[in-house]
């Protein structure tokens, strides 16, 4: 799985507090302002990070979260999370489901009792690997499980292709923008040559439109700038190298290996001396279901 770069709280609209991830911290602040915060929570695209956050929140604020249901497309991950978080400190009921949102019958056992809050943590981008071409329907699909007036928090990464240099007058910012975008193209080319599907994020404005189409009112948003360092680029280039085991063309593999090495050389020069440079952003959209 491709990993987004480290997040920083220096962004318009909000920020991180303490050790809590900045995006989740902003969600917590939004919920704290609600007359009846949290309640029954659906983590619609779960992982260890989001599930640990929700259960940690429930433990820190007893009575706030009453039920957590989590969804993943991988049975092995569902089993691992169920085992890992069994007997968690929060003490609230936890159910981890494995399935595919494209299946109309999936999670029907949870539909009778609606959820008060849905967390869609990088779900739009991640479903490309499980339900390709379903991105335009995913919000309406999970809305079936949300109570009228319930809140949906959609977390995403702005596609690098849609991001500009933080400061067009700064040579390092311009160089990183070009490097990061080329890095993403080459990484994704390796994934495609290996016969696999790429992680596919969508722009913030696209997600806003889809929320409105699905009958939501968008109440707020936040952007958190991403901070790159040499290791950030190296991790993404390694994702490309990891695909070589599935290549069936030695000439293509050698060409991609040399391209990845060239990008690594550029990164070493750009980040000389431990530089950190901002480029792109992650975002959260806060929306309320009509009715």
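Numbering (my numbering), first residue to last: 2 to 292. Note that the Cβ used here is the ideal one computed from N, Cα and C, for glycine as well.
| Query | Result |
| --- | --- |
| Alpha-carbon spacing of residue 14 relative to residue 187, whole angstroms | Per-residue confidence for residue 14 stands at a pLDDT of 32, beneath the threshold of 50, marking its modelled position as unreliable; the derived number appears in the next sentence. For residue 14 and residue 187, the distance between alpha carbons rounds to 33 angstroms. |
| Among 151, 292, 287, the one whose alpha carbon lies nearest that of residue 26 | 287 |
| Alpha carbon of residue 250 to alpha carbon of residue 180, nearest angstrom | 26 angstroms |
| Pairwise C-alpha distance: residue 257 and residue 152 | 44 angstroms |
| Whole-angstrom distance between residue 85 and residue 225, CA atom to CA atom | 30 angstroms |
| Reduced DSSP secondary structure (H/G/I, E/B, other) of residue 108 | coil |
| 8 angstroms contact criterion, which residue 281 and residue 159 should meet: CB distance rounded | 6 angstroms |
| Opening and closing residue of the beta strand (DSSP E) in which residue 222 lies | 217-229 |
| Residue nearest to residue 132 in terms of C-alpha spacing, selected from 189, 147, 103 | 103 |
| Cβ neighbours of residue 211 in the same chain (closer than 6 angstroms, five flanking residues each side left out) | 140 |
| Per DSSP, cross-strand counterpart(s) of residue 249 | According to DSSP, which records beta bridges pairwise, residue 249 is partnered with nothing at all. |
| Residue 276 - DSSP class collapsed to helix/strand/coil | coil |
| Residue 199 and residue 244 closer than 7 angstroms at C-beta | no |
| Residue 122, DSSP secondary structure in three states | strand |
| Coil, strand or helix - residue 99 by DSSP | strand |
| Per-residue burial, residue 150 [other beta carbons within 10 Å of its own, 16 or more giving buried] | exposed |
| Inter-residue spacing [alpha-carbon to alpha-carbon] between residue 7 and residue 183 | Residue placement at residue 7 is flagged as unreliable, the pLDDT there being 40, under the threshold of 50; the coordinate-derived value follows with that caveat. Approximately 19 angstroms between the Cα atoms of the pair. |
| Reference residue 137; option with closest CA among 79, 208, 53, 274 | 208 |
| Assumed close pair residue 156, residue 58 - CB separation to whole angstroms, cut-off 8 angstroms | Actually they do not touch by this definition, with Cβ atoms about 15 angstroms apart. |
| Alpha carbon of residue 172 to alpha carbon of residue 227, nearest angstrom | 18 angstroms |
| CB contact flag (residue 44, residue 71, <7 angstroms) | yes |
| Which listed residue (91, 36, 265, 233) has its alpha carbon closest to that of residue 63 | 91 |
| Cβ neighbours of residue 52 in the same chain (closer than 7 angstroms, five flanking residues each side left out) | 44, 71, 82, 86 |
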